[in-house]
Amino acid sequence: MAILGNIIKGVIDVKDTLTSEINAVAEQKEMLKKLLTKAKDTDFGKHYQFEKILQSDNLEKHFAETVPYFDYNKMNDEWWHRLQKGEENVTWPGHPTYFALSSGTTGKKSKRIPVTADMIEAIKNTGIQQVFSLSKYDFPADFFEKEIMMLGSSTELKENKGHLEGEISGISASNIPFWFRSYYKPGEEIAKIDDWDERVQTIADNAGNWDIGALSGIPSWIELMLQKVIEQHNLNHIHEIWPNLNVYTSGGVAFGPYEKSFNALLGRPITVIDTYLASEGFVAFQSRPDTDAMKLVTNEGIYFEFVPFKPEYINEDGSLVEDAPSISLAEVELDKDYVLVMSTVSGAWRYEIGDTIAFTNIEKAEIKITGRTKFFLNTVGSQLSVNKMDDAMKHLEEHFSAKIKEYTICAKRCEDDEFYHCWYLGSDDDLDSSTVSEELDAFLKNANKNYRVARGKALKGVKVKLLSPELFYEWSGANKKKGGQVKMERVMNEEKFKEWEAFVNAQD
Numbered sequence: 019m020a021i022l023g024n025i026i027k028g029v030i031d032v033k034d035t036l037t038s039e040i041n042a043v044a045e046q047k048e049m050l051k052k053l054l055t056k057a058k059d060t061d062f063g064k065h066y067q068f069e070k071i072l073q074s075d076n077l078e079k080h081f082a083e084t085v086p087y088f089d090y091n092k093m094n095d096e097w098w099h100r101l102q103k104g105e106e107n108v109t110w111p112g113h114p115t116y117f118a119l120s121s122g123t124t125g126k127k128s129k130r131i132p133v134t135a136d137m138i139e140a141i142k143n144t145g146i147q148q149v150f151s152l153s154k155y156d157f158p159a160d161f162f163e164k165e166i167m168m169l170g171s172s173t174e175l176k177e178n179k180g181h182l183e184g185e186i187s188g189i190s191a192s193n194i195p196f197w198f199r200s201y202y203k204p205g206e207e208i209a210k211i212d213d214w215d216e217r218v219q220t221i222a223d224n225a226g227n228w229d230i231g232a233l234s235g236i237p238s239w240i241e242l243m244l245q246k247v248i249e250q251h252n253l254n255h256i257h258e259i260w261p262n263l264n265v266y267t268s269g270g271v272a273f274g275p276y277e278k279s280f281n282a283l284l285g286r287p288i289t290v291i292d293t294y295l296a297s298e299g300f301v302a303f304q305s306r307p308d309t310d311a312m313k314l315v316t317n318e319g320i321y322f323e324f325v326p327f328k329p330e331y332i333n334e335d336g337s338l339v340e341d342a343p344s345i346s347l348a349e350v351e352l353d354k355d356y357v358l359v360m361s362t363v364s365g366a367w368r369y370e371i372g373d374t375i376a377f378t379n380i381e382k383a384e385i386k387i388t389g390r391t392k393f394f395l396n397t398v399g400s401q402l403s404v405n406k407m408d409d410a411m412k413h414l415e416e417h418f419s420a421k422i423k424e425y426t427i428c429a430k431r432c433e434d435d436e437f438y439h440c441w442y443l444g445s446d447d448d449l450d451s452s453t454v455s456e457e458l459d460a461f462l463k464n465a466n467k468n469y470r471v472a473r474g475k476a477l478k479g480v481k482v483k484l485l486s487p488e489l490f491y492e493w494s495g496a497n498k499k500k501g502g503q504v505k506m507e508r509v510m511n512e513e514k515f516k517e518w519e520a521f522v523n524a525q526d
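Residue numbers (the numbering used here): 19 to 526.
Given below as structure tokens:
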């Protein structure tokens with residue numbers, strides 16, 4: 019009998035019974051007030067007159083009118099670079115304990131995003147909220163006694179000028195509560211291994227010693243880990259060694275493009291729960307089983323604003339134009355794409371995280387990630403967003419009964435001086451590139467009006483090349499680092515695409 023599991027499940031169920039429905043709009047108003055109050059005496063707060071904003075009858079409006087938008091480069095150049103010199107009270111009281119290194123999908127050079135003690139606390143509290151939300155899922159009591167495999171970046175953080183640096187997944191894992199450590203796998207020693215291949219090999223070596231009930235991590239790297247375990251132990255599927263695996267907590271990218279290849283590694287279906295943990299904070303998580311949308315975390319360290327996702331509001335580098343209008347949570351509409359803007363307890367202010375989202379349920383503040391501002395392909399007016407590209411990959415998988423694990427695309431001028439959408443698809447299946455190209459083009463014409471118009475004008479056609487998925491992973495390893503928060507660029511500019519094509523050609 020799962021005594022401990024029954025106790026934990028009982029506590030979670032009681033907590034859910036006693037928790038009332040949130041008022042997300044009210045929580046956000048209060049959050050902005052708390053952020054401004056705590057930061058009013060920082061250099062940033064004094065410069066932008068937070069004290070005066072706090073006296074306003076309309077905090078949200080006055081805040082938006084006073085403080086400009088910041089992307090990472092602007093925030094770092096004007097403010098955060100001072101933190102690297104050890105200065106305090108720059109954009110948040112004191113000095114950050116950690117810096118999250120994040121190259122994301124943009125290149126080799128790491129961003130250094132401050133992570134304060136207040137942010138660590140907010141991430142922990144949000145994690146607890148997510149645990150309590152499991153009461154809505156019909157998991158057996160013994161599920162709560164199983165181990166959880168968290169596959170992120172190394173927890174061996176580097177010391178640099180009085181603070182520690184690492185990816186946000188490594189920082190979060192190094193701060194797990196004491197009561198959770200007995201559940202946490204691969205454990206502190208293995209998690210400190212910096213080399214991805216060595217860490218995964220060590221996980222495979224030890225896999226038979228663990229009773230894993232849940233997985234957590236970016237889909238592409240979780241898949242590679244599962245494949246390694248299956249291969250090493252000569253299994254048909256992962257449930258032969260982890261029979262009690264019931265949950266996968268996805269994050270970092272949309273799970274949809276990975277669903278088919280991920281499910282092929284399982285012996286039976288499991289519950290997939292989406293989360294949205296960024297270097298800048300824990301943004302949202304899926305809080306109930308009857309949706310695949312995620313609930314914005316409106317009461318833990320982040321104030322959100324939303325900018326309608328329109329080409330005229332986006333600069334070529336993906337940043338927002340200065341006069342792009344923002345709205346608060348109280349003003350959003352269903353099923354419209356917005357650029358997500360955040361102000362946080364780590365001292366990010368009106369910060370463009372680079373993601374676009376859409377609301378699926380306004381009352382519950384539930385969202386879906388729809389893409390990236392930099393992954394918005396509009397070179398010749400096609401206005402193609404990542405969610406449409408993901409939909410296209412899913413269609414190709416169904417149409418050709420294939421698995422497409424990765425992809426990247428560039429709109430570039432080819433030898434005939436015409437623009438083409440050049441796609442590279444990662445698949446081990448035997449597919450004909452011309453047939454795939456025709457089907458992809460037909461699907462996008464039907465799914466996207468602007469793409470259809472562009473195909474009749476400046477966009478000459480579609481070119482598809484098929485590669486082993488391994489090349490995508492090796493590209494990540496060569497340009498950034500395997501594992502952790504690293505994600506494949508879905509859209510590349512022509513300069514980056516030249517590097518990609520040179521890399522691919524060098525592997526032939």
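For each residue, glycine too, the CB sits at the ideal point set by N, CA and C. Only a predicted model underlies this, so the values are computations on that prediction, with no experimental measurement involved.
Per DSSP, cross-strand counterpart(s) of residue i
| i | result |
| --- | --- |
| residue 94 | Answer by DSSP bridge pairing: none, since residue 94 is not bridged. |
| residue 485 | 444 |
| residue 326 | 356 |
| residue 428 | 440 |
| residue 480 | 439 |
| residue 293 | 269, 303 |
| residue 210 | Answer is none; residue 210 lacks a bridge partner. |
| residue 516 | Paired residue(s): none; residue 516 is not in a bridge. |
| residue 345 | 324 |
Three-way DSSP call (helix, strand, coil) for residue i in this model
| i | result |
| --- | --- |
| residue 255 | coil |
| residue 306 | coil |
| residue 264 | coil |
| residue 184 | strand |
| residue 511 | coil |
| residue 48 | helix |
| residue 244 | helix |
| residue 100 | helix |
| residue 178 | strand |
| residue 462 | helix |
| residue 490 | helix |
| residue 312 | strand |
| residue 79 | helix |
| residue 233 | strand |
| residue 88 | strand |
| residue 133 | strand |
| residue 419 | coil |
| residue 411 | helix |
| residue 338 | strand |
| residue 119 | strand |
| residue 164 | coil |
| residue 203 | strand |
| residue 321 | strand |
| residue 332 | strand |
| residue 250 | helix |
| residue 275 | helix |
| residue 113 | coil |
Distance CB(residue i)-CB(residue j) smaller than 8 Å
| i | j | result |
| --- | --- | --- |
| residue 257 | residue 286 | yes |
| residue 312 | residue 331 | no |
| residue 505 | residue 236 | yes |
| residue 319 | residue 93 | no |
| residue 365 | residue 132 | yes |
| residue 88 | residue 367 | yes |
| residue 444 | residue 494 | no |
| residue 510 | residue 428 | yes |
| residue 323 | residue 344 | yes |
| residue 359 | residue 404 | no |
| residue 441 | residue 480 | yes |
| residue 135 | residue 297 | no |
| residue 194 | residue 226 | no |
| residue 97 | residue 62 | yes |
| residue 321 | residue 361 | yes |
Nearest-angstrom Cβ-Cβ length linking residue i and residue j, presumed shorter than 8 Å
| i | j | result |
| --- | --- | --- |
| residue 246 | residue 222 | 5 Å |
| residue 349 | residue 414 | Actually they do not touch by this definition, with Cβ atoms about 37 Å apart. |
| residue 166 | residue 234 | 7 Å |
| residue 388 | residue 374 | 5 Å |
| residue 50 | residue 78 | 6 Å |
| residue 376 | residue 353 | 6 Å |
| residue 170 | residue 185 | 7 Å |
| residue 314 | residue 385 | 6 Å |
| residue 57 | residue 111 | 7 Å |
Cutoff 8 Å: residue i Cβ touching any chain C Cβ
| i | result |
| --- | --- |
| residue 288 | Given the protein chain composition of this structure (a single chain), no chain C is represented. |
Let me know the beta strand (DSSP E) ranges lying completely inside the region 355-407, each 3 residues or longer, listed in chain order.
355-362, 369-379, 384-390
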